[in-house]
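Here's the structure we're looking at; comments come further down.
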Amino acid sequence: MSKTKKYRYNRHTATFVLLLILSLAMIFPFVWMILSSFKTAADVYQYPPRWIPSVWNWKNYGQVFQMIPFLRYYWNSIVTTVAETGLQIIISVLAAYSLVHLKWPGQNLVAALMRSSMFVPMVVTMIPMYLLCASLGLIDTYAGIILPQITTAFTTFLLMSYFASIPQDMIDAAKLDGCGPTGVMMRVVVPNTKGAIATATLFSFLGNWKSYTWPLIITSKTEYRTLPIGLKYLTQESSSEYQVMMAAAVMTILPVLIVFIFFEKQLVRSITLTGMKS
Amino acid sequence: MSSEASAQRSAPARKHKIKLFGREYHTNEVAVGILFIVPTLAFMVFTFILPVIDVVDLSFTNFNLKTRTMKYIQFENFKYLLGAEDFWKSLLNTVKYSVMKLTLDTSIALFLAVLLDKNIKGKKFFRSSFFAPVVVPMVASSLIWIWFYDPTVGPFNQILGWLGLPESQWLYHESTALWSILLFSLWKGVGYNIILFLSGLQNIPDSYTEAAKLDGASEWQLFWRVKFPLLRPITSFVIMMGIINSFKVFAEFNVMTPDGGPLGSTKLIVSYIYELAFTNGRMGRACACALMLFALIFVLTQFQSMVGAHKTVDID
Amino acid sequence: MKLKKIPAILLAALMVVSLLGGCVSSYVDKTTEAPAPQTTEAPKPTEGTSAEPGTTEAPAPATEADISGTKLVVWYAVSGTSGELFNKLSENFAKETGVELELSYSGGSGDTATKVSAALLTHTQPDVALMYAGPLYTGGEGDFRIADLLKTTNDFDQADVFEGMMDYCDYMNEGYCAIPCGISTQVMYYNKDILKAAGVDMTNPPKTWAEFYDVLGKVMEKGNTSGAEGFKAFDTNDEAWLFKSMLMQNGCEIIENDNGEITPIFNNEKAVEVGEYWKSLVDAGYMSAAQHSNAEKAFLGGNLAFIAASSNRISRWTPDSVPFELGAIEMPYFTQPSLALGGNVLVIMTEDESKIQAAWKYVTYLTNAENNTEFALGTGYLPIHKSAMERKEVKDAIAGNEMYTVAFNQLSYTWAYTHFQEMGTMDTQIKSALGKLEKGRGTAKEVLDKAVKEVQDEINDK
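Chains as they are written, first to last, in our numbering: chain A, 5 to 282; chain B, 149 to 464; chain C, 4 to 465.
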C-alpha cells in the first residue's frame, strides 16, 4: 500500500517537473518580449545578449503612443473583434445545432460546402472579395472589415464535435417534455456546452484579434485602422524600433491574456457535463 | 413568442412528417433546421462562394494584376504549374512540413493535455503558460524567434554549446530551415490543441474512468481503452483542422523567411501562390494553383473523414 | 439515392450564383489583346486635353488659388521615422496651401502593391501614392501625366535632379511617370573597432573589389576579437541589389530594351566574372552562404566587419543604438564605380482631373530642394537634387556624420534601369541564383543562365 503511494507520488513529481520545464520553455520567449520592451536600443544589440535591461526605461511605451494613434487602433480592434466574434458564435451555434441535431434534406451538402470553404487560401480570394466589397460600398467602413471576416466554418465544426457528444437520451427526454427544436437547443444543448462555446468564442476572438491583411486592404482611414496594422507600422522599416515594437506587442496581448486567465476556469472545467454522468 | 412555444410543444404529439428526396423528415425540424442554417449560408455566399467562382473563372485566364489585362487561355495555367519546378518543390516542402507538424502537434498536445488533466499542483499556471504563445501576435513572436535562431548571438546555439552539441545554422541552412520554422509554429500553436483535448478529456464522465480503475486498468490501459476512444470526435476535428491549416500555412513562413529560405527550402505552396499573384502579378496562375491546393486538401480530408468515421462506429 | 441529386443541386446552385458572381471579369476589359489600350482606366491627359480643354495644357493661370480646399487621398509605404517625417512635411503642405490631405499608411511594399492593385480595379485608388515600383501602376497602363506636367509646368526643376533618379521614374523607356522620393543606394558600412583590431588603415580605403578582398583577409585573420564562431568579414542584407550594382561596375548591362522588347542579359562573361568573385568570397570564408537575411543583425551584434546596406540606415544606426564606432566607405567597384538605385517614388493616380493640379503641387512640394533635403537628412534616403550638396544643412550634416559624405558622393554614379513588369520576377531569380551559387549548387555560368532563362520565359509568356 505504502509502496504504491510512494510510487504515485514520485510519478506525480516527475510529471510536475516535466510540465514545469516545458512550460518555462513555453513562456521564455514571452518573458523575453516583456524584458525587451524595457530595453534601450543599445541593450538590444549587445553581445553577448543582455537579458535584463540595463535601465528599466518606460520610454518605449510612450513612443508607441507617439508613433501611432494606439488608443484609436485599440478601440477599432475591440469593436471589430467583438462584433466578428459575437456574430460568428451566434451563427455557428445555430448552424452546428441544425447540422447535428436536426434532420433536413441537403444538410450533408451544406456541411461539405462549409468544410470546403476552409480549403481556399485567403491570398487568392482577397482580390475578388475586395471587388465585392467595393461594389457594396463597404470600403473604409466597420462593416467592410467585419462582414467578410465572418467565416464560421471553423467554429461551427468545433461546436459540432461537442454538440455531437450530448447523449441522445437527454434530447429525447426534453422532447418528451414538450420541447420543440428551439427548446431543445436553448434548454439542453447550449446550457450543457457552455464551456465548449466559451472555447469557440476564445478561438474566434483570437483569430479576429490578430487579423492584419484584410483590414489593411479594405481600410485607408486612420479611424478604421486596427492594432496589427499599427504593430506592422512600428517594425517594417528596420529592426531599430525592435524595443518599441515589443512594448506595443505587450500592450496588445495584455487584454487577451487577462481575458484568458479569467475565463480559464470556465473554459476547461465547466465542460464537464453533469447530465452525462449516467 | 408564446404561439411559437405552444406550436413546438404540440409538435411531437402530432408528428407532422414530410417526404423529401425519398426520405421522411419532421416538418418542424426541416423548417427550423433550414432557418438556422440560413445565416451561415448567407455569409458563405459572400465570403466563399462568390469569391471562389471568381477564382475558378480567373484560373482559366492570364489575368495579370499589374497590367490588368485578361484573356481566356483554357488550361495553360495548370499546364504551366505542372511543368514548373517551383510548384513541385513548394508542394514537396508543404507535404514534409504538414506531415511533421500534424504528427508532432497532435501527439504532443494530446500528451500534455493528458498530463494537465491530472490533479497536479500549479495546473492553472501550466495551462496558461502553454496557451500564452497563442496570444502573442505573429509579428512580435517571429521577431523574438528570429533572434533566438541567430547562429552567432542567438541563445539557442549558446544552449547547444552548453550541452556539448554541435551548433546549428537554424533558419540559414537548407536542411534545417523548414524544421526551425516547424519548431516555432509548434511553440506558437500547440496551446490551441491542448485546450481542445483538455476540454474533451474533461468531458469524459468520471463513471467511465472509475469503472475502468475498479477493473484494475493501469493508467496506460485507461488512456488507450477508455479515454482515447472517447476523444475521437475531438481528435478527428483536430486532425482535420491540422490538415487544412498546415497545407494553408503562410504567416509563419512569410515572417521568418520572406525570401523562401536558403535554396527555396521554406517556400511553401501558399508562399508560392503569393509570389505568383503579388510578386509576379500572375493572378491567373495563382488561382489555378489555389484550385490545385483545394483539390489536394479535399482529397486528404475526405480520406481522413472516411478513416475517422469508420473508427467512430467501432466505439459506439 | 440522395447522392444522385447532389450534382444536380450543385450545378443549379452554381448557375444561379454565377449570375451574381464573375466580379473580376466585369472589372477587366477582356478583349484587350495588346497591352497598351487600357481605356477604362484613368483618362490619359494626352487624350483628355482635347475633350476637356484647359485642364492640363494651360495649368499656369489661377492654379494657386484653385487648389485650396481640394481633398487628396495619399497612401504611403514608409513607416517608422520616415513615416513620421513624411507626415510632417505633408501637414506643412496642407497648412500652407489649404489642400486637405487624407494620409494613410498602406503597409510594406508587398502589402502596398496588393492594396494598390485591388484599388485600381475598382477605381478606389489614392490620388497620390509613395510606393515601391510606382511606374508599373502608372506608366504600366499608359498614364504618363507626370511627363506632361514636367513639360508644361516648371514646378519641378528636372535639370537639377540626378539623371539616375529620373531614370528610376521611367516605364519601359516610354517616359516619366513618377517623381523620385525616398530613394536610396547601398552604402558599405563597417565596424571601426574590428578594422582597428585587424590593423587595417581605413584612411586609405579599398577602392576595388580586389583590394577589398585583401582587406577582408586581414579582417578574418585578426579582426575577430570576441572569438565568435560565426564571425564574418562581409555580407549584405540585399544580395540582388548589390549584385546588380556589381554587374554594372563590370560593364554588364542587366536588361536590354529594344522598342519595348525586354531581354535580360546578365549571363554574359562579364556577369560570370562577377558571379565568380561572389563565390570566391564564400569559398574563402569571408561571407556566409545564404545568410543575407541575418546580415544586419550580425553586423549590429559586432560579428560582421562590413555590410552593404541601404543608405537609409544612416539615420537609424545612431551612436545611441550601435554599440561600436560606425564607419562607411564608398562602394568598391570592378572597372568603374556604379550603384543601382532603389527605394520609393511618388505617383499621381487620381482619376479626377480637377485634383491633378493639387496632386502635382503636393508632389512637387515634397520633392522641392528644401523639403526633399529635410526628408533625406531625417531618414537617410538620398537627396534627389544636385544642388542639395550646396545647401547649408547638407554641409552641416556631412560635417557631423562622415557617412553622409560617402552616401552623397556616391550619388554621382548612381543609375537605374527602366521599370518593366517582370522586374519583381527578375529580383527573385537573381536571389535564387546567388543562393545556389553560394551553396555550390552550380557554377556562376549555370546559375545565371538558368535565371536569365526563367526571366526570359516569364517575359515571353504574356
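Here a beta-carbon is modelled for each residue, glycine too, at the ideal position from N, C-alpha and C.
{"Item": "Just to confirm, is the Cβ distance from asparagine 260 (chain C) to asparagine 374 (chain C) under 8 Å?", "Value": "no"}
{"Item": "Alpha carbon to alpha carbon, what distance is there between glycine 438 (chain C) and alanine 213 (chain C)?", "Value": "22 Å"}
{"Item": "Taking DSSP as the reference, what is the three-state secondary structure of phenylalanine 269 (chain C)?", "Value": "coil"}
{"Item": "Quick one: grab the DSSP three-state call for methionine 280 (chain A).", "Value": "Because the pLDDT at methionine 280 (chain A) is just 42, under 50, the model does not fix this residue reliably, and the value given afterwards should be weighed accordingly. The answer is helix: DSSP assigns methionine 280 (chain A) an H, G or I state."}
{"Item": "Taking C-beta to C-beta, are valine 348 (chain C) and isoleucine 197 (chain C) nearer than 8 Å?", "Value": "no"}
{"Item": "Judging by CA-CA distance, which residue of C:Ser341, C:Gly220, C:Ser324 and C:Cys255 is the nearest neighbour of valine 285 (chain C)?", "Value": "C:Gly220"}
{"Item": "Determine the direct distance from the alpha carbon of lysine 235 (chain C) to that of glycine 288 (chain C), and round the result to whole angstroms.", "Value": "7 Å"}
{"Item": "Helix or strand or just coil, what does DSSP make of arginine 430 (chain B)?", "Value": "strand"}
{"Item": "Would you list the one or two residues that DSSP bridges to tyrosine 108 (chain C)?", "Value": "C:Tyr79"}
{"Item": "Can you tell me where the beta strand (DSSP E) with proline 308 (chain C) in it begins and where it stops?", "Value": "Residue identity check: residue 308 (chain C) is alanine in the sequence provided, not proline. Note, alanine 308 (chain C): beta strand (DSSP E), 307-313."}
{"Item": "Leucine 329 (chain C) CB to nearest chain A CB: under 8 Å?", "Value": "no"}
{"Item": "Beta-carbon within less than 7 Å of aspartate 69 (chain C)'s beta-carbon, same chain only, minus the 5 sequence neighbours each way: which residues are those?", "Value": "Gln360"}
{"Item": "Using a beta-carbon distance below 8 Å, is glycine 230 (chain C) in contact with chain A?", "Value": "no"}
{"Item": "What whole-angstrom Cβ distance do histidine 105 (chain A) and phenylalanine 167 (chain A) have, given they're in contact under 8 Å?", "Value": "7 Å"}
{"Item": "Give me, in chain order, the residues of the same chain whose beta-carbon lies closer than 8 Å to that of leucine 370 (chain B); leave out the 5 immediate sequence neighbours on both sides.", "Value": "Thr357, Ala360 and Lys361"}
{"Item": "Measure the alpha-carbon distance for phenylalanine 264 (chain A) versus alanine 436 (chain B) and round it to whole angstroms.", "Value": "40 Å"}
{"Item": "Buried or exposed for glutamine 413 (chain C), going by 16 or more other Cβ atoms inside 10 Å?", "Value": "buried"}
{"Item": "Taking the alpha carbon of methionine 130 (chain A) as the point to measure from, which residue in B:Val203, B:Thr405 and B:Glu367 has its own alpha carbon closest?", "Value": "B:Val203"}
{"Item": "Spell out whether any CB of chain A is found under 8 Å from the CB atom of leucine 326 (chain B).", "Value": "no"}
{"Item": "Using 8 Å as the threshold, is the segment 133-153 of chain C in touch with the segment 105-115 of chain C, meaning 3 or more CB pairs across them?", "Value": "yes"}
{"Item": "Under 9 Å between beta-carbons, which chain A residues line up against proline 267 (chain C)? List them in chain order, please.", "Value": "What proline 267 (chain C) touches in chain A: nothing, since even the nearest Cβ is about 27 Å away."}
{"Item": "Check whether the Cβ of lysine 118 (chain C) lies closer than 8 Å to any Cβ atom in chain B.", "Value": "no"}
{"Item": "So for valine 59 (chain A), helix, strand or coil by DSSP?", "Value": "coil"}
{"Item": "When you compare only the Cα positions, how much space is there between glycine 101 (chain C) and cysteine 137 (chain A)?", "Value": "32 Å"}
{"Item": "Tell me which residue opens and which closes the beta strand (DSSP E) that phenylalanine 237 (chain C) is part of.", "Value": "235-239"}
{"Item": "In chain A, which residues lie less than 7 Å from tyrosine 173 (chain B) when you measure between Cβ atoms?", "Value": "Lys107, Trp108 and Pro109"}
{"Item": "Identify the continuous beta strand (DSSP E) that holds serine 3 (chain C) and give its terminal residues.", "Value": "With chain C covering only 4 through 465, there is no way to say anything about residue 3 (chain C)."}
{"Item": "Is valine 222 (chain C) helix, strand or coil by DSSP?", "Value": "helix"}
{"Item": "Mind pulling the chain A residues with CB within less than 7 Å of aspartate 202 (chain B)?", "Value": "Pro132"}
{"Item": "Suppose contacts are defined by Cβ-Cβ distances below 8 Å. Is isoleucine 382 (chain B) in contact with leucine 334 (chain B) by that definition?", "Value": "no"}
{"Item": "Mind listing which residues of the segment 413-429 of chain B have their C-beta closer than 9 Å to chain C's C-betas, in chain order?", "Value": "Tyr422, Glu423, Ala425, Phe426, Thr427, Asn428 and Gly429"}
{"Item": "Looking only at its own chain, which residues have a Cβ that is under 8 Å from the Cβ of glutamate 233 (chain B), when we skip the five neighbours before and after it?", "Value": "none"}
{"Item": "If you draw a straight line from the alpha carbon of lysine 395 (chain C) to that of threonine 226 (chain A), how long is it in whole angstroms?", "Value": "36 Å"}
{"Item": "Examine chain A for any beta-carbon lying closer than 8 Å to the beta-carbon of tyrosine 30 (chain C), and answer yes or no.", "Value": "yes"}
{"Item": "What does tryptophan 335 (chain B) reach in chain A if we use C-beta pairs closer than 9 Å?", "Value": "Ala29, Met30 and Pro33"}
{"Item": "Quick one: is isoleucine 265 (chain A) near chain B, going by C-beta distance under 8 Å?", "Value": "yes"}
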